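Here's the structure, in structure tokens; my notes come after.
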Amino acid sequence: MKPFGTEFCDHIAIARYADGAWSAPSIEPLAPLPMHPAAHVFHYASTCFEGFKAYRWSDGKGRIFRLHDHVARMQRSAASLRMPIPDADMLAGMVIDAVHKNLADIPEPPASLYLRPTLIGTAENIGAAAGPSTEATLFVLCSPVGDYFAGGASALKLLVEDQKARTTDQLGSTKTGGNYAAALGPTLDAKEKYGVDQVLFCPDDDVQETGAANFLLISDDEILTKSLDSSFLHGMTRDSVLKLGAELGYKISERPFTVDELLKKVKTYEACLSGTAATLSPVGALVHNGQEILVRDGKPGPNRKKLQTALQNIQYGIEPDSHGWLTEVG
Ligand SMILES: *Cc1c(COP(=O)(O)O)cnc(C)c1O
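Just so you know, we're using our numbering here: the sequence shown kicks off at 865 and counts up by one.
Quick look at the structure:
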């Protein structure tokens, strides 16, 4: 299988917004989108997206994980960027239609079909620096993706960044390209300087998240992660793991915590990054003030594996979906 995000299905779902209304969505062959060079997105970054997955079950049908929660999050992202907000039923329908059209391309678990709804501002107006895009295009791109952990889960090394912020408060929980642009420079610098994989942003002594994943500390009986606020992206994987963790008997602690507490806790707690692409990725070491601190013995731990399996068993249809998280397509 090709690297994550480089293979695409033949069809997208697409809808356009102009004159105050959305066009009826349609399924179109995957092709370049002709756009005016003055399109708002190119100049003023009017763009947001979602990322989630559909799985193939042994009955041959697809199952989309937490579709309606992702649709709602995309609506919040669009609202925060003052973009036209896609109607929830319309967007959910576009995702379902795209999955249906590309059903034969969903690989067997642990591979899946990654879904990427994207909203861009297309108004032809470079004078609208301080104005919203009055026109937009919404599309759902589908990408077959392999097992993230093919070859085994290797533990990541993170730089604990206690000066720079990942993004700003007004866009902290918005899934927008601008946030990735802001995190890119510090992340590449940290890779080069410290040989780390990612940066854990902890501005004002507040442990937040990395450029593209939430951060959790897990012991045999507790899951600790930052409580929801406007500074970070409210991950659906985080939310799902907390709900499943509570059912498995873990004490769920959602509260702010400091770098000091983090460095003390990793002597005994496992550390993980959570996100749709990888579910739970183990963290083996932290770099802080130029020093490397191991997370426990530096190896992936059993609690990460246990929680990941609980989540995947629902996604793959091995355990019943008692939360109503899956939408059947087929
Ligand atoms: C998408 C994303 C996540 C993970 O969210 P999931 O819904 O779990 O995939 C975490 N942090 C950032 C900044 C993100 O963009």
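By construction, the Cβ of each residue, glycine as well, lies at the ideal position given by its N, Cα and C atoms.
The structure displayed is predicted, hence computed values, not measured ones.
Under the criterion of a Cβ to heavy atom distance below 7 Å, does residue i qualify as lining ligand 1?
{"i": "G869", "result": "no"}
{"i": "A942", "result": "no"}
{"i": "G1049", "result": "no"}
{"i": "T1101", "result": "yes"}
{"i": "E1118", "result": "no"}
{"i": "A1077", "result": "yes"}
{"i": "E1073", "result": "yes"}
{"i": "L1022", "result": "no"}
{"i": "N1043", "result": "yes"}
{"i": "L1097", "result": "yes"}
{"i": "K1039", "result": "yes"}
{"i": "G1162", "result": "no"}
{"i": "G1109", "result": "no"}
{"i": "G915", "result": "yes"}
Measure the alpha-carbon distance for residue i versus residue j and round it to whole angstroms.
{"i": "L1002", "j": "G1181", "result": "30 Å"}
{"i": "H964", "j": "G1194", "result": "6 Å"}
{"i": "P898", "j": "L1097", "result": "31 Å"}
{"i": "V1147", "j": "G1113", "result": "23 Å"}
{"i": "M947", "j": "I1157", "result": "43 Å"}
{"i": "D969", "j": "C873", "result": "7 Å"}
{"i": "F929", "j": "D1185", "result": "10 Å"}
{"i": "T982", "j": "I1178", "result": "26 Å"}
{"i": "A1019", "j": "Q939", "result": "34 Å"}
{"i": "D1068", "j": "Q1027", "result": "7 Å"}
{"i": "F1065", "j": "S1095", "result": "11 Å"}
{"i": "W921", "j": "G1049", "result": "40 Å"}
{"i": "W1189", "j": "K917", "result": "12 Å"}
{"i": "S1091", "j": "L1127", "result": "19 Å"}
{"i": "V1060", "j": "E1192", "result": "39 Å"}
{"i": "P867", "j": "A1014", "result": "12 Å"}
{"i": "Q1176", "j": "G926", "result": "15 Å"}
{"i": "L1161", "j": "K1021", "result": "Residue identity differs from the one stated: residue 1161 is Asp in this sequence, not Leu. Near 13 Å, if we compare the C-alpha coordinates of K1021 and D1161."}
{"i": "K1163", "j": "G924", "result": "37 Å"}
{"i": "A1269", "j": "Q1072", "result": "This structure gives no information on residue 1269, because the portion of the chain shown stretches from 865 to 1194."}
{"i": "L967", "j": "I876", "result": "12 Å"}
{"i": "V935", "j": "A962", "result": "14 Å"}
{"i": "A885", "j": "S944", "result": "19 Å"}
{"i": "E1025", "j": "V1063", "result": "6 Å"}
{"i": "A1045", "j": "M865", "result": "28 Å"}
{"i": "E892", "j": "A879", "result": "10 Å"}
{"i": "S1083", "j": "A903", "result": "49 Å"}
{"i": "E871", "j": "I984", "result": "21 Å"}
{"i": "A942", "j": "I949", "result": "6 Å"}
{"i": "L1023", "j": "N1078", "result": "14 Å"}
{"i": "R1119", "j": "S890", "result": "43 Å"}
{"i": "S1145", "j": "G1041", "result": "22 Å"}
{"i": "G1016", "j": "G1165", "result": "13 Å"}
{"i": "S997", "j": "G1154", "result": "44 Å"}
{"i": "T1074", "j": "V1123", "result": "14 Å"}
{"i": "D1093", "j": "I1087", "result": "18 Å"}
{"i": "D933", "j": "S1104", "result": "11 Å"}
Tell me whether residue i, by its Cβ, gets closer than 7 Å to a heavy atom of ligand 3.
{"i": "G1139", "result": "Looking for ligand 3 in the displayed structure turns up nothing; the ligands present are ligand 1."}
(request) Answer yes if the stretch 898-913 comes into contact with the stretch 948-966, meaning at least three C-beta pairs across the two stretches below 8 Å, and no otherwise. (result) Touching, no.
(message) Whether or not the stretch 1008-1024 and the stretch 967-978 are in contact is what I'm after, with contact meaning three or more pairs of Cβ atoms, one per stretch, closer than 8 Å; do they touch?
(response) Enough Cβ pairs lie closer than 8 Å, so yes.
(request) Would you check if the stretch 901-911 and the stretch 1164-1176 touch, i.e. whether three or more CB-CB distances between them fall below 8 Å? (result) Verdict: no, contact absent.
(request) Taking only runs that begin and end inside the stretch 1076-1140, name each unbroken beta strand (DSSP E) of 3 or more residues, in chain order. (result) Correct list: 1078-1082, 1086-1089, 1115-1118 and 1134-1139.
(message) So within the stretch 984-1059, which uninterrupted beta strand (DSSP E) runs reach at least 3 residues, ignoring any that extend past its ends?
(response) For the stretch 984-1059, whole beta strand (DSSP E) runs of length 3 or above, ordered along the chain, are 1000-1009 and 1020-1025.
(request) Identify every run of the beta strand (DSSP E) within the stretch 891-964, keeping only runs that are complete inside it and at least 3 residues long; order them along the chain. (result) As summarised for the stretch 891-964, the continuous beta strand (DSSP E) elements at least 3 residues long and confined to that stretch are 911-913, 916-920 and 926-929, given in chain order.
(request) May I ask you to verify whether the stretch 1033-1050 touches the stretch 889-897, counting CB pairs closer than 8 Å and requiring at least 3? (result) Result no; under three Cβ-Cβ pairs closer than 8 Å.
(request) Examine the Cβ distances between the stretch 1135-1143 and the stretch 1098-1105 and report whether three or more of them are shorter than 8 Å. (result) Flag = yes, the stretch 1135-1143 and the stretch 1098-1105 touch.
(message) Runs of 3 residues minimum, wholly inside the stretch 1147-1176: which ones carry the beta strand (DSSP E) assignment?
(response) Residue ranges of uninterrupted beta strand (DSSP E) with 3 or more members, entirely inside the stretch 1147-1176 and ordered along the chain, are 1155-1158.
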